[in-house]
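Visitor: Numbering (full-length UniProt numbering), first residue to last: 1 to 304.
Every residue gets a Cβ at the ideal spot worked out from N, C-alpha and C, and that includes glycine.
This one's a predicted model, so the numbers in the text were calculated from it and none came from an experiment.
Before we start, here is the structure in question, set down as structure tokens.
Pasting the structure below:
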């Protein structure tokens with residue numbers, strides 16, 4: 001076991017995953033610097049050691065880590081209700097009310113995985129939790145709701161069946177960037193819970209079976225709800241909702257591509273202002289009909 005830059009214990013598999021994406025990390029850091037929007041940190045009105053952020057309906061106490069002393073991490077901030085299996089996520093009740101302070105100082109449960117080598121060498125799938133709709137937020141120490149820093153919202157890869165934002169801790173990136181910014185990493189449902197492959201019915205589109213709420217792409221809906229949460233609340237963490245760059249790698253890049261082309265029911269909705277895709281991956285044979293076509297084509301084109 002080794003310590004990550006955020007001071008948490010990582011398994012050998014997680015460490016290898018971090019090393020594997022070191023180049024991506026470096027390129028992303030350069031990109032953040034290039035898109036810093038000439039941001040400056042406003043003079044803090046909040047005590048630098050007070051890491052509590054009040055959202056009106058909930059308050060979260062962030063982590064001041066001695067390993068990365070100039071960054072506050074709010075880990076496991078809930079952006080949706082506990083999910084209904086195979087169905088669209090439901091937003092939180094954000095009406096102002098009396099509430100306690102929640103410690104956001106440990107990483108939340110990751111979403112249930114398909115087979116994933118980083119979970120363990122003998123993992124056959126199933127590690128994780130269904131209740132996993134959270135974001136991690138990293139910001140320079142001392143920012144306030146008037147700091148208006150640019151925001152990087154990161155969607156992890158993993159083939160749509162695996163991945164854990166804990167493997168991409170952004171506290172060190174925020175620490176080392178010469179221009180301040182706020183980073184957010186998004187948990188979304190994976191494998192069959194987020195990207196269900198089921199028999200289609202004509203006219204159902206992304207819905208499957210006889211249940212009109214049974215989604216084939218619940219994971220994408222999770223991401224959109226998280227991006228909406230960022231729009232509503234990132235100011236409280238020092239960010240500017242008008243300066244959100246959404247970025248994804250591999251399957252995360254594929255998801256960003258979908259968000260770029262998605263048509264919202266609300267024409268005025270704006271979830272981000274810029275987007276970056278890295279090593280775009282999409283699965284062209286997710287749906288049963290597509291797989292049938294592939295099988296037929298392989299009769300004539302063996303390598304298809």
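Can you confirm whether the stretch 256–271 touches the stretch 157–174 when touching is taken to mean that 3 or more C-beta pairs between the two stretches lie within less than 8 angstroms?
Guide: No contact exists between the stretch 157–174 and the stretch 256–271.
Visitor: Buried or exposed for residue 93, please, with buried defined as at least 16 other CB atoms from any protein chain shown within 10 angstroms of its CB.
Guide: Exposed, because fewer than 16 other Cβ atoms sit within 10 Å of the Cβ of residue 93.
Visitor: Threshold first: 3 residues or longer. Then list the beta strand (DSSP E) segments lying entirely within the stretch 56–143, N to C.
Guide: If we require 3 residues or more, the beta strand (DSSP E) runs fully inside the stretch 56–143 come out as 59–61, 71–78, 101–103, 134–140.
Visitor: Quick one: Cα of residue 146 to Cα of residue 194, how far?
Guide: For residue 146 and residue 194, the distance between alpha carbons rounds to 36 angstroms.
Visitor: DSSP beta-bridge partners for residue 158?
Guide: For residue 158, which the question treats as bridged, DSSP gives no partner whatsoever.
Visitor: Quick one: residues in its chain with C-beta nearer than 8 angstroms to the C-beta of residue 281, no 5 flanking neighbours on either side, listed in chain order?
Guide: Within the same chain, residue 281 has close Cβ partners 157, 159, 250, 251, 253, 254.
Visitor: Around the Cβ of residue 211, are there at least 16 other Cβ atoms within 10 angstroms (buried) or fewer (exposed)?
Guide: Exposed.
Visitor: If you follow the beta strand (DSSP E) that residue 275 is part of, which residue opens it and which one closes it?
Guide: Per DSSP, residue 275 belongs to the beta strand (DSSP E) from 274–278.
Visitor: Restricting to Cα atoms, I'd like to know which of 263, 233, 273, 84 is closest to residue 219.
Guide: Taking only the C-alpha atoms, the option nearest residue 219 is 84.
Visitor: What residues in its chain sit with their C-beta under 7 angstroms from that of residue 43, if we drop five residues either side in the sequence?
Guide: Only weak support is given to the placement of residue 43: the predicted model assigns it a pLDDT of 32, under 50, and the value that follows is read from those uncertain coordinates. For residue 43, where only same-chain residues beyond five positions count, there are no Cβ hits under 7 angstroms.
Visitor: Ignoring anything shorter than 4 residues or poking outside the stretch 203–248, list the alpha helix (DSSP H) runs there in chain order.
Guide: Runs of the alpha helix (DSSP H) inside the stretch 203–248: 218–233.
Visitor: Are the beta-carbon atoms belonging to residue 135 and residue 186 less than 7 angstroms from one another?
Guide: Yes.
Visitor: Quick check on residue 267: does DSSP put it in helix, strand or coil?
Guide: The answer is coil: DSSP assigns residue 267 none of H, G, I, E or B.
Visitor: Rounded to whole angstroms, what is the Cα-Cα separation between residue 192 and residue 167?
Guide: If you take the alpha carbons of residue 192 and residue 167, they lie about 21 angstroms apart.
Visitor: Can you name the residues that DSSP bridges to residue 152?
Guide: DSSP, once it has assigned bridges, lists 183, 245 as partnering residue 152.
Visitor: To the nearest angstrom, how far is it from the Cα of residue 104 to the Cα of residue 265?
Guide: About 33 angstroms.
Visitor: If I measure Cβ to Cβ from residue 57 and keep anything under 8 angstroms in the same chain, skipping five residues before and after, which residues do I get?
Guide: Once the five neighbours on either side are set aside, the close Cβ partners of residue 57 are 92, 93, 94, 95, 96, 97, 99.
Visitor: Using only alpha-carbon positions, find the residue among 215, 141, 262 that is nearest to residue 183.
Guide: Answer by Cα proximity: 141.
Visitor: Taking DSSP's pairing of strands, which residues face residue 54 in a bridge?
Guide: In the DSSP output, where bridge partners are listed per residue, residue 54 has 59.
Visitor: In whole angstroms, give me the CA-to-CA distance for residue 165 and residue 76.
Guide: Cα to Cα, residue 165 sits roughly 10 angstroms from residue 76.
Visitor: Give me the Cβ distance between residue 133 and residue 80, rounded to the nearest whole Å; I'm assuming they're in contact under 8 angstroms.
Guide: Between residue 80 and residue 133 the Cβ distance is about 4 angstroms, and since that is below 8 angstroms, they are a contact.
Visitor: Quick check on the burial criterion: 16 or more other C-beta atoms within 10 angstroms. Buried or exposed for residue 129?
Guide: By the 10 Å Cβ count, residue 129 comes out exposed.
Visitor: Quick one: what's got a C-beta closer than 7 angstroms to residue 59's C-beta in the same chain, skipping five residues either side?
Guide: The residues are 52, 53, 99, 101, 102.
Visitor: Suppose you measure from the CA of residue 263 to the CA of residue 66; what does that come to, to the nearest Å?
Guide: Their backbone Cα atoms lie some 44 angstroms apart in a straight line.
Visitor: May I ask which residues mark the beginning and end of the alpha helix (DSSP H) holding residue 176?
Guide: 171–176 is the span of the alpha helix (DSSP H), which, as asked, contains residue 176.
Visitor: Look at the alpha carbon of residue 139 and the alpha carbon of residue 107, and state the distance between them as a whole number of angstroms.
Guide: Each residue's Cα considered, the two are about 16 angstroms apart.
Visitor: Helix, strand or coil, according to DSSP, for residue 166 in the structure here?
Guide: Note: residue 166 maps to helix in three-state DSSP.
Visitor: DSSP three-state label for residue 191, please.
Guide: Three-state DSSP puts residue 191 in a helix.
Visitor: Tell me the residue span of the alpha helix (DSSP H) that contains residue 258.
Guide: Per DSSP, residue 258 belongs to the alpha helix (DSSP H) from 251–261.
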